[in-house]
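Colleague: My structure is below; once you've seen it, I'll send some questions.
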Amino acid sequence: MDSRQHIEQKQANKSIIITKPPKWRLHIMRGLFFLNVISLAFDNWSRILFPKEQMDTLTGVTISFWAAFSLLNILGVRFPLKLIPILLLQLLYKTAWIIGTYLPAKKNGLLNEDLESFLWVCIAGIVLNLLIIPWRYVYKYYLRGFFELK
130 MDSRQHIEQK
140 QANKSIIITK
150 PPKWRLHIMR
160 GLFFLNVISL
170 AFDNWSRILF
180 PKEQMDTLTG
190 VTISFWAAFS
200 LLNILGVRFP
210 LKLIPILLLQ
220 LLYKTAWIIG
230 TYLPAKKNGL
240 LNEDLESFLW
250 VCIAGIVLNL
260 LIIPWRYVYK
270 YYLRGFFELK
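Residue numbering for the sequence shown follows this note's numbering, starting at 130 and increasing by one per position.
Take a look at the structure:
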């Protein structure tokens, strides 16, 4: 056995050994979680704690969601493997935003500066997540047994 740590997962009377990603990858994941905290926390928590005006319902929900998401990313700095679903959520929502918001706006000639600038935020986030998420671990820990019929 190599020097990597292992996780033993028991499913249906059989043990599966899951190798943890190397430490350098965990540190990079921590960096991404920390980047998420920094990019989300100040703007969203300041709008919650020190509102300048009454937010409408949808804006309030959105700001509250991102504030909570920033706190979960703090946990990801400490426990990167346990909080992989947060990175997956980020990857999926940015991909969905491009498909469901940006592309229809582009098709209908409704692009504006906000949509264009957020596109590049989404593309950067998608690329970072695709590179940083330990996909072998995600497959073995989350997906491998998901499709097995019992």
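Glycine included, each C-beta is placed from N, C-alpha and C at the ideal position.
#1: Quick one: is Asn165 buried, meaning 16 or more other Cβ sit within 10 Å of its Cβ, or exposed?
#2: Using 8 Å for Cβ pairs, my map puts Trp174 next to Ala196. What's the rounded Cβ distance?
#3: If you reduce the DSSP assignment to three classes, tell me which class Ile227 lands in.
#4: Please report the straight-line C-alpha distance between Leu187 and Ile146, rounded to a whole angstrom.
#5: List the endpoints of the continuous alpha helix (DSSP H) containing Asp290.
#6: Find out if the Cβ-Cβ distance for the pair Ile261, Met158 is shorter than 8 Å.
#7: Note down, in chain order, each residue of its chain lying with its Cβ closer than 6 Å to the Cβ of Leu259, except the 5 sequence neighbours on either side.
#8: Taking only three categories from DSSP, how would you classify Glu242?
#9: Any contact of the segment 200-219 with the segment 148-163, i.e. 3+ C-beta pairs under 8 Å?
#10: With a cut-off of 8 Å on the beta carbons, I'd call Ile255 and Thr230 a contact; round off their distance for me.
#11: Please classify Lys211: does DSSP put it in a helix, a strand, or coil?
Modeller: Once the coordinates are examined:
#1: buried
#2: 5 Å
#3: helix
#4: 44 Å
#5: Any answer about residue 290 is impossible in this case: the structure gives the chain only from 130 up to 279.
#6: yes
#7: none
#8: helix
#9: yes
#10: Wrong, their Cβ atoms sit about 14 Å apart, outside the cutoff.
#11: coil
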